[in-house]
Structures are given as C-alpha cells and as structure tokens.
Amino acid sequence: MTTLRRTLTLTLLTTLLAACSDGPKVSQDAKVIEDAGALRPETVGTSEMVFESKQAVADVKPGSVIVSGASDNAPYGFLKRVKSKTEVDGDTVLSVEDAQLTDVVEEAEVSLSGALHPNASPAPRLAAKGMDLSARGITVYSPGESADLPDACADKDFRVAFEATEAAPYVTVTGCVGFSSNFIFDLEIEHFQATRAEFVVDSKIGSALALKSDVELASINQKTELARFDVEPINFQIGPIPVVVVPEIVLVMGVDGKVDVNVDISASHELSAQVGLLYADNRWSTVNESQQKFDMPLPQGDGSANARVYAGPEMEFMFYGVAGPGANIYVFSRMNADVDAVNPTKSNYELWAGAQAGASFRVEVFDKTLFKIHESNLIGYEGLIASSEYDGLAPPGTGKVIGVIGDAMQGKLVSGDDIIRDNLSGELVDLLKGLAANEDDSDGGYTVAEANARPRWRELKIAGRCLQPDYVGHLAMIRPVACDGGDKQKWWWDTNGAVHPKANAKLCIDGLGVTAGVNLALWGCHGGDNQEWVFEDGRMRNKRSESLFVTYEKDIFNWLDYAQLKSLKENTDKQFAQWGQEERVNGVAASHFRPLKNARTGLCLGVQTGSASPELQACGKASRQLWFYDSVARTLYNAAGDCLSHHSENYNGATLFVETCSTSTNQTFDFADGAIRTTADTAIVVDAYGSEEGAMVGQWMFHGGANQLWLWGE
C-alpha cells in the first residue's frame, strides 16, 4: 500500500506531500489529457467532448478513461470513460460517460486535511443571479476585515451580517452568522475497490438572530440563502492522475413555525461540532460530537409564537464537478410563547436552544460498490433553557432527545454555561421537521443503518482460497477451494458479526465448540457468540476466543482441506483472511438494487422472463424485479442488466420496454419526488395502467395519482 498525504488550507497556504518510492498503482487505461486547451469548453459535462487538436487525444481509444486537472476550459477537471472516438470536420469527438476513481486507480491511499478559508476575491454571491447582497441588507466580511459583530460571530473565518433581511413576507431577521471549519478526507483503494473512506468536518458556528414579525399568525417554513462563497479548488495527484476538488459553501438562515404580530424572538448561540461518515471493514459508521453555549433573553412584544430561527453553513466537496461528501450544521432557537404586554404576569413562554448537524457521502465519482449515504441528524438536540413556570429559568434535567426528556441541559438564561453532548445521534421525530435542507436524500440514498443492513455478497478467502460449504444445510462442513465466482462461494457478514451463505441466508458459519482444531460448519442462525466473527489484522477469529483464528487443515484421511480454528502460532501462513469484490451489475454493487413499489398498489415493477414489457408483480427478489437508478447517467436498470427504455414516442399509452443498456436518450429518465419522468418530455411519466398483478406499465401524462408514484422497497 502506498500513501499520498497532503495537508492544506483551501487558500493553499500549506502543502505537504509524501509518498512511498514505488508510488500509487494506476490502470493503463488511464489517459491524462495534458492539452485541455484544445477542448471546446461548452462540451465539458456533455456526453460528447470535442477536441480541436487530434494530437491532444492521439493515444485515446474506446475503453480509455480520460482525466484532466483544472484548466481554463475545464475548471473542475474531468474524469470520463470513452465509449467511441470519431473525426468530424477536423475535430475529434469523444462519446463519454462518467467514470470512477476506482476505474483508474488500482492501489493508493489519499489523505487530505486542512482549514476552510474564504477567498478575498471574487466576492461572495447569491445563487440567484442579479440579486444584490447590499440591497437585501446583507454584508459579507472579507478575511481580516474588521467588523463590529456580536462575540458569537466576530472570531469566525466566514462572517455574514444582515439587517432586517426578509425571511418571509413581513417577517425579517437581523443579526449575524459566522463559522470556521477544518476538514478531513481519507480514501484507500486496493485492487480497484475503495476499502476505506472517511469525511469529517470540525466546525465552530455562531449566530446572533433577532426575528420580527409584522404579519398576523403567519405559518412559515422557509430557508434564505445569505451568501455563497467561491473557494479555490484543491488540486492534487494520485501518481499521474490529477484530482480536482472544489468546495461549495453556503451560509443560510431560516424560520420554521408560526408567528403573530409584535412578537420578537432573539438569541445568541454557539456550537462546536464534529460530524462525518466513515467506511471501513465493509461497514459505514458515524462521527458525531458537539458542545454548545447560548444566551437568550426573555420574549418581548404582544402576541403568540411557536417558531424556530436557525442559521449555519451547508458544505459540499465537489470532485471533478460531481457531488462528493458534504455536511450541514445549524444552530437554532425556539420560542413557544403567548406574551401579554399589558399584563406580563399572564404571559406564558418556553425558550429552547438546540442544534442539528448532518452529513452525506455522494459516491458517484469514487466507487459504485459504495453506498450513497445521507444522515440528516448525526447531532440533534433541543433543550429547555427558560420557562415562565420556573421564574425565568429552566429546571435542571430538562431537554429533548428523540422527542423525550433526556439528560440535563443545565444552562442559565444569561450566562450560557457550556453544554456537552457527545456521541448524540438518532432521529428527532418531529422535533426538527422541516429544518433547512436536512431532509432525506431524494435520489436513492441510504442511512448508515440501512446500508449496513443490506446483504453484500462477496467471496470469503482464506490464504487465497474461497470458502465453500459441502452442501447447504445444518452441519455442512466448510472447505477452502479454488475460486470460481459461484453463488456457493458468496457470503455476507452482517452487522451483528454473523456470516451467512448466499445459498441460504438463514444459516450461519458456526464455530461449534470454539476449540482448537474444530471444523467450521453451517448451522441455523441463533445469535450466539460462536456464530459471531471478527476480522482484524488480516485474520478472521471467533468472538468467543481472542486466540483462535480461521485456517484450514487436511481431514483425518489426509484427503480434503477443511476450515478450522487454530491458534496464532499454528498455520500462520494459512490464516490470511480477505473479502473478495462484491457482485456487480453494470459496475454497480448488487446490494444496491432494490424493489420499486407502486405507491397505489404496493406491487413491484418487474419483467417476466422471456419478455421485455414491464408490469406489476408481487414483490420478490428476482433479478428482473430489482432496480437501480443512476442519477448521473439518468438511467433505470434492473439486476439482470437491462435498462428501461421507450421508442422515441412519449404520449398517453406509449409503451415501455427493457433492453441492453446503451447511450440512447430513450433510456434516460428523471426520478424525483416519486415520479419517473422521461427526459424527452418531462410531462410524461411511468404509469401503472391497472391495480392487479400483471397490469401493464407504460407512459402517461403526469396527474399526480398514486399509480404514477414509485417508492423504493427493501
């Protein structure tokens, strides 16, 4: 394993590069485009890239993976697989599709870390072109620029102030938001497969927000983008392969709830949070730690409110312009009050302070065997800090975690004692509903728990030989044999440590008595520790014993090898345990394919053997009934490798069918909000014509009925 490490800030003030002498291993199919100046910039990001110089792509051929660093013509660089190469009017036209780093990198270890800093130039901007920041009462401070800001915002790297900025009609927010952040990104690749990936941001966020309402009982659920920052790209090499990462950072604030005339909500709030995602040992896990402090005055005005005001950064790290890992971190304050200005003794109120942070890992550019992960609530906490029932102060021991009373959040109304929340996770049922952009991923993403629970069938090798049972049943002995790729040699290591054969997932590898020399066998899964397996330091051992590892020995007749448990000192050269690559369909891990259920009937989209016509079927696990949506290529295909398609005809009653996947636009669909729309005519969607098994599935004008909506099953 070679190592590439680089420590940097995004203004590239510090750079450290170290690599072993042999360097990373890359594929011969990789072709680095040195002369991107010959590329027509308008063709970057399309399915056909045009080069005005033949020499620039002279050694490129179909099957090559072309890659480029950042340039004037391709600011994000690119990573594409070439499907065809033609000459047109003196230009070279490459038909391309998106590729992954694991298509070109066989072995490497990459580690990036650093601090995020805004560029002094160009100035931050809003997403909507033509909107002037100053006209909306927004001021963005440059690095080092002096500013008279509240303490919560003053010492941060990214700082935005706003004066009576509209959050909704007749509802304004005045205050500031600031944040500073470091990041870590690690990626390890072995044998063209990602074996480890980690993304963590360590951030400090501060806000001072004051909400004012001039509207009668308004219901609001709205996020406002304050500023979008331009950040200089990160450029580094994996051997000869250039990699371009462009961080995108947006500061937002928002209001969620109901407010009435003349009710003011204000608060100062700071949060230190570390959030992220880690993939290692074929499992995803989360990183989540936080510390808070707050300062929240009593409510003012004359009216009622039950509203939350929040602010914070949204970050995404774009690899070659394609979405990569990201994080959203928000601090918020909530007031539930009925304030009587004439007779304050009649006022009732509760003041809450809290935080929410989530992370995502988009995997399109890394490896199609990884799951796309979206965890919206790695950190989530709301604590009662003041109440009219307790003379202005909250009682000790109050706070909400997962919607119930949790551990003490002992803050004082004015001083704002630090609040430590370590490793706090879980879904806050309705507590933070609608808060900013932290909703579920809409294009097929998984939570960590969902991804880890899905079976991932792989070869399990001991000293290079694949484990295989003599038969599929109780007490079947397990032998190391030559690998043949068959289903009998596929296993799944579940989240409880049990190892199941693909031929019957109700069975588990059993260590029986877990004694030296005992043969491994299949047995009905029961959850005992003799069926729990640990993989560490390249070996496989039983949970019950710290000293017995899986190896193999001849039987008593010296005829056949059988998997056994032996001590570390015995058969050391036969104890190397290794998981093989997961099954793939069109390059995508087989575990990523899921049933696609019709929202009206609960029946699944499927195709009968020998047919090409999609229909509704009772849900099962047949390959022609399991689907994957590629959000980059915009194709929907089943585990048999066939893509959904149409005959360039889009109207009510037009047919659909499956065929071998190609570059045809007839196979492209947009899948969002449950509707599968043809890209040729976005008003036409995939429609179930009936409600019974065998009902035909075709095309129809979208009307929003449940027969036109599709949900991912398990």
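In mature numbering (1 follows the signal peptide of the UniProt record, and there is no 0), the protein residues as written are -21 to -1, 1 to 693. We put the CB at the ideal spot given by N, CA and C, even for glycine. It should be emphasised that the depicted structure is a prediction, and the values quoted were computed from it without experimental measurement.
Give the secondary structure of residue i by DSSP, where H, G and I count as helix, E and B as strand, and everything else as coil.
| i | result |
| --- | --- |
| Q687 | helix |
| G692 | coil |
| residue 696 | Because the chain here runs from -21 to 693, residue 696 falls outside it and cannot be looked at. |
| A578 | coil |
| L349 | coil |
| P20 | helix |
| S339 | strand |
| L501 | strand |
| L80 | helix |
| A140 | strand |
| residue 694 | For the chain, the structure presents residues -21 to 693; residue 694 sits outside this window and is missing. |
| N356 | strand |
| M388 | Below a pLDDT of 50, predicted positions are generally treated as unreliable, and M388, at 34, falls in that range; the measurement from the model is reported next regardless. The answer is coil: DSSP assigns M388 none of H, G, I, E or B. |
| V36 | helix |
| H571 | helix |
| residue 759 | Because the chain spans -21 through 693 in this model, residue 759 falls outside it and cannot be assessed. |
| K485 | coil |
| T644 | helix |
| S125 | coil |
| V664 | strand |
| A290 | strand |
| A306 | strand |
| D466 | helix |
| K325 | helix |
| K64 | strand |
| D130 | helix |
Given this structure, state the Cα-to-Cα distance separating residue i from residue j, to the nearest angstrom.
| i | j | result |
| --- | --- | --- |
| L95 | G337 | 18 Å |
| T81 | V179 | 22 Å |
| A35 | S624 | 35 Å |
| A667 | H353 | 30 Å |
| L58 | T657 | 26 Å |
| V254 | E561 | 28 Å |
| Y299 | V222 | 7 Å |
| S74 | G566 | 19 Å |
| A140 | I199 | 22 Å |
| D660 | M680 | 9 Å |
| N267 | M28 | 42 Å |
| N417 | I308 | Residue confidence is low: N417 scores 41 on pLDDT, short of 50, so the model does not pin down where it sits. No coordinate-derived value is stated. |
| K545 | E438 | 21 Å |
| S326 | A146 | 26 Å |
| Q687 | E511 | 44 Å |
| L690 | K135 | 43 Å |
| R287 | S355 | 18 Å |
| A284 | Q270 | 28 Å |
| L363 | R573 | 42 Å |
| G359 | A252 | 11 Å |
On the DSSP bridge assignment, give the partners of residue i in chain order.
| i | result |
| --- | --- |
| Q447 | R458 |
| Y531 | A542 |
| C583 | K576 and Q596 |
| residue 706 | Residue 706 falls outside the range modelled here, since the chain spans only -21 to 693, and no answer is possible. |
| W558 | L439 |
| V11 | V46 |
| R262 | A259 |
| residue 717 | An answer regarding residue 717 cannot be provided, because it is not within the stretch -21 to 693 covered by the chain. |
| H479 | W471 |
By Cβ distance below 8 Å, which residues in the same chain neighbour residue i in space, the five residues on each side in sequence not counted?
| i | result |
| --- | --- |
| A106 | Reliability of the predicted coordinates at A106 is poor, the pLDDT of 36 falling under 50, and the value obtained from them is presented with this limitation in mind. Counting only Cβ-Cβ distances below 8 Å, and skipping sequence neighbours, we find E204, R207 and V229. |
| T614 | Y608, C622, L623, C640, Q646, T647 and F648 |
| I457 | L446, Q447, P448, D449, I488, N498, L499, A500, L501, Y541 and A542 |
| R138 | V119, Y120, A126, L128, C132, C155, V156 and G157 |
| G620 | V564, N565, T639 and C640 |
| N402 | At N402, the pLDDT of 23 sits below 50, so the modelled position is not reliable; the number obtained from the coordinates is stated separately. Cβ within range, chain order: N267 and E268. |
Please return the same chain residues whose Cβ sits closer than 6 Å to the Cβ of residue i, not counting the five positions on each side in sequence.
| i | result |
| --- | --- |
| P304 | F178, F296 and F340 |
| F350 | Y425 and A430 |
| F162 | V180 |
Is the Cβ of residue i closer than 7 Å to any Cβ of chain D?
| i | result |
| --- | --- |
| I488 | No chain D appears in this structure, which consists of one protein chain only. |
By Cβ distance below 7 Å, which residues in the same chain neighbour residue i in space, the five residues on each side in sequence not counted?
| i | result |
| --- | --- |
| G559 | R437, E438 and K440 |
| P212 | A49, V223, V224 and V225 |
Could you check whether the stretch 204 to 212 touches the stretch 161 to 179, counting it as contact only if at least three pairs of C-beta atoms, one from each stretch, sit closer than 8 Å? Too few Cβ pairs lie closer than 8 Å, so no.
Examine the Cβ distances between the stretch 11 to 25 and the stretch 89 to 97 and report whether three or more of them are shorter than 8 Å. no
Does the stretch 115 to 129 come close enough to the stretch 142 to 156 that 3 or more CB-CB pairs lie under 8 Å? yes
Taking 8 Å as the cut-off, does the stretch 459 to 466 touch the stretch 431 to 445 (at least 3 CB pairs, one atom from each stretch)? Yes: the two stretches touch, three or more of their Cβ pairs being nearer than 8 Å.
Counting Cβ pairs closer than 8 Å, one from the stretch 574 to 583 and one from the stretch 592 to 600, do we hit at least three? yes
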